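When you line the sequence shown up against this note's numbering, it's residues 393 to 670, in that order.
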Amino acid sequence: MGRKIKYRCGIWIVLFFLWTASAMTGCARREEVFLEEMDSDEENSNRKAGEESTAYENNVAAGENPKKQSAVSDAGSEGNTENSALDLPPETPIPQKIFVDVCGAVVNPGVYELDEGARIFQAVDAAGGYLPEAAINYLNRARSIGDGQQIYVPTEKEVAENLELAMAKVPEALNDGDKSGSSGLEEIQGSPAENPSGTVGRDTESSGDGAGDDPRINLNTADVGQLSTLSGIGQSKAEAIIAYREEHGDFASIEEIMNVEGIKEGTFSKIKDKISTG
């Protein structure tokens, strides 16, 4: 019995020493692995620091300032941002609207709303286009129009009559030393002279004051546009006639027109059958 107990105690003592030896060996191994990892990290850190130091020394040797390069890089980034902001497309302005009256030889005469800066051809298109008898080439179709303007498209017959009148006025005007006869030709060519009504393309000739069937022009009621249609009477003389009428009152006779500055007997003889005093 005593031998068995001693035998067991001996076994336990051997096992204890074996376990203790094993534990001490394991701790030593873990400590060795830990020390190896620390050495590896330190070596990597030293190698990285050495590489950065070498790169810095190379930049300095090349005359470059790393801090300056960083500042330039930041400035370039900011500049790109500013340029991107400047490259934004500008806002498109909203076009203003105008109203024009399109009449004469068009399909649908009337008042139309167009964009500001519109041209005559756009106004005619808005009115449905030309009628077959329209004088298409009479107006300058590329001419711009303004708000409240009237666009009158004449017929071929009206243009032919106007051309005959203009051609008859040219030699008379030249003989009288006045260039007013050219206004008729300008209208035929599509660049009509302005008239008080603001109409583009309409013949400004009028039949007197509009009363009855008298084709003569009434000196006491006619405006500049009507007086300008008389042979040898241009815009300047027409304005002189109206100024005389405003200063001295109505003309008592057609002969009194020779009292107007610039109008003499030669001009009077050409227009005496086309004027009246009412």
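Backbone N, C-alpha and C define an ideal beta-carbon position, used for all residues, glycine too. Keep in mind that this is a model prediction, so the values were computed, not measured.
Cβ-Cβ distances below 6 Å link Glu653 to Ala632 in the same chain, with the five nearest sequence neighbours on each side left out; the list follows chain order. In the displayed model, Asp507 falls within a strand according to three-state DSSP.
Spatial neighbours of Thr547 in its own chain (CB-CB distance under 7 Å, excluding positions within 5 residues in sequence) are listed in chain order as Ala497, Glu525, Ala526, Ala527. Of the residues assessed, Lys549 falls on the exposed side of the cut-off, its CB having fewer than 16 other CB atoms within 10 angstroms. Distances from the CA of Asp507 to each of Asp517, Gln542, Asn612, Ile490 were compared; the closest alpha carbon is that of Ile490.
The closest CA to that of Phe660, considering only Ile625, Val406, Thr669, is found on Ile625. With contacts defined as CB atoms closer than 7 Å, Phe643 and Asn610 fail to qualify as a contacting pair. Taking the C-beta atoms as reference points, Val499 is found nearer than 7 Å to Gly520. In this structure, Val492 lies near Ala515, with their beta-carbon atoms less than 7 Å apart. A check of alpha carbon separations from Ser668 across Asn651, Asn529, Ala614 identifies Ala614 as the nearest. The beta carbon of Arg535 lies closer than 7 Å to those of Arg511, Ile512 in the same chain, with the five residues before and after it left out. Where Val545 is concerned, the enclosing beta strand (DSSP E) starts and stops at 542 to 545. In terms of Cβ geometry, Ala635 and Val616 do not form a close pair [threshold 7 Å].
Separation of the CB atoms of Met650 and Glu639 is rounded to 16 Å, and the pair is thereby denied contact status at 8 Å. Residue environment analysis places Ile405 among the exposed positions, since fewer than 16 neighbouring C-beta atoms fall within 10 angstroms of its C-beta.
In the same chain as Ile655, and ignoring 5 residues on each side of it, the C-beta atoms closer than 7 Å to its own belong to Lys629, Ile649, in chain order. In terms of CA proximity to Ser623, Lys662 leads the group Lys662, Ile646, Glu647.
Boundaries of the alpha helix (DSSP H) around Gly617: 616 to 619. Linking Ile537 to Gly509 through their CA atoms gives a straight-line distance of about 7 Å.
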